[in-house]
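Asker: Here's a structure for you.
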Amino acid sequence: MKTAVVTGSTKGIGLAIGMELLRRGCEVAFHYHRDAESAERLKNELNALGFAGKYQIVQADLSSVEGVQVLGDALEPRFHKLDYLVLNAASTKRGSLQELKLEDWEYVLRLNLTVPLFLTQLCAAWMQPGGCVLFSGAVMGQFPHALSLPYGTSKAAVHYLTKALVKEFADRGVRVNSVAPGFVETEWQKNKPQEIRRSIESKIALHRFAEPDEIARLAVEVLENPYINGSIVNIDGGYCFQ
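Adding 613 to a residue's 1-based position in the sequence shown gives its number in this note's numbering.
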C-alpha cells in the first residue's frame, strides 16, 4: 500500500487530494492546524465511508518552522516509509504595497515557502524510490494579481524550488513537481463579492472557477505518473487567455 502525507488537508483542495488518494488505495495522513471541528467531521466521514485504519489525522502549527518537527514526530511511527508528500498548506495576506506589513510578508513566505522546504528536508530520508514530492504552486506565481504580493511572490519561489530540488532527489528515484491551480471554488473564494468573482471569471477562458476535485485528480495523476519530474503543471481553465 502506498503512503501519502497531505498538509492542510481537512478541507478545500487538500481534502480533495487526500480523499482521491484514499480512493486509489493509499494510506493517507491528513494534517490540520487549528480547525479541530473540521478534523473531527473528517474523521467521522472517513469512518462512515469504510476508511477506518487507512488514515491518520495529525495536528501541527505549520506557520512556524518549529511545527515541522512536531508534525514529523507525529508522522514518523506510521509514515517513515513515504511515497507521496503533498505540501498543500498555504495562506495569504492581502493588501497594497503601502499597506503591506513586515510581519504579514514574513508569515506568508514562512508558511508557503520556508516550512514546505524544511518539511521536505525532514521527510527526504523517508521517501521511497518512485515516490514524489508535490508542491502547491499557483497561477498567481506566474501572473500578478491585485493585492496578492506576498502570496504571488511565495508561489513564484515555490516554482523555482520545485526545479531546484530535482537534482537533490535524482539519485534516489524520487520526483519533485508542482501543481499550479488558478481560481478554485474553496470556502475563501466562495465568500468573495460577486462583482469580484465575475471580474475574475471574465479572465478565464472557461468562465468559471475550478472545483477542488478537478485539482485533486490532476494532483494525483502527477503523483502517480513516473515520468513527470521538475514540472510546474498548470490547471487554470485558460486564465489570462485574452
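By construction, the Cβ of each residue, glycine as well, lies at the ideal position given by its N, Cα and C atoms.
Identify every residue that forms a DSSP beta bridge with phenylalanine 748.
Answerer: Paired residues: Leu700 and Ser791.
Asker: How long is the line joining the alpha carbons of alanine 777 and glycine 765, rounded to whole angstroms?
Answerer: Cα to Cα, alanine 777 sits roughly 19 Å from glycine 765.
Asker: Strictly by DSSP, which residues pair up with methionine 632?
Answerer: Note: methionine 632 sits in no beta bridge, so no partner.
Asker: What whole-angstrom Cβ distance do proline 794 and isoleucine 828 have, given they're in contact under 8 Å?
Answerer: Confirmed, about 5 Å.
Asker: By the DSSP assignment, the alpha helix (DSSP H) with glutamate 719 in it spans what residues?
Answerer: Where glutamate 719 is concerned, the enclosing alpha helix (DSSP H) stretches over 715-722.
Asker: Which of helix, strand or coil does DSSP assign to serine 676?
Answerer: Serine 676 falls in the coil class under three-state DSSP.
Asker: Can you check which of these residues, Pro690, Asp674 and Pro763, is closest to threonine 705 by C-alpha distance?
Answerer: Ranking the options by Cα distance to threonine 705, first place goes to Pro763.
Asker: May I ask which residues mark the beginning and end of the alpha helix (DSSP H) holding isoleucine 848?
Answerer: Here isoleucine 848 belongs to no alpha helix (DSSP H); instead the beta strand (DSSP E) covers 845-848.
Asker: List, from N- to C-terminal side, the alpha helix (DSSP H) runs of 4 residues or more that fit wholly inside the segment 737-785.
Answerer: 762-777 and 779-783, all fully within the segment 737-785.
Asker: Excluding five sequence neighbours on each side, which residues of the same chain lie with their C-beta closer than 8 Å to the C-beta of phenylalanine 664?
Answerer: Once the five neighbours on either side are set aside, the close Cβ partners of phenylalanine 664 are Leu635.
Asker: At what residues does the alpha helix (DSSP H) containing glutamate 837 begin and finish?
Answerer: Counting along the chain, the alpha helix (DSSP H) containing glutamate 837 begins and ends at 825-837.
Asker: Any heavy atom of the ligand FAD closer than 8 Å to the Cβ of glutamate 781?
Answerer: The ligand FAD is not part of this structure, which contains no ligands at all.
Asker: How about arginine 647 and aspartate 674: are their beta carbons less than 9 Å apart?
Answerer: Cβ atoms of arginine 647 and aspartate 674: closer than 9 Å.
Asker: Tell me whether the beta-carbon of lysine 667 lies closer than 9 Å to the beta-carbon of threonine 799.
Answerer: No, the Cβ-Cβ distance between lysine 667 and threonine 799 is not below 9 Å.
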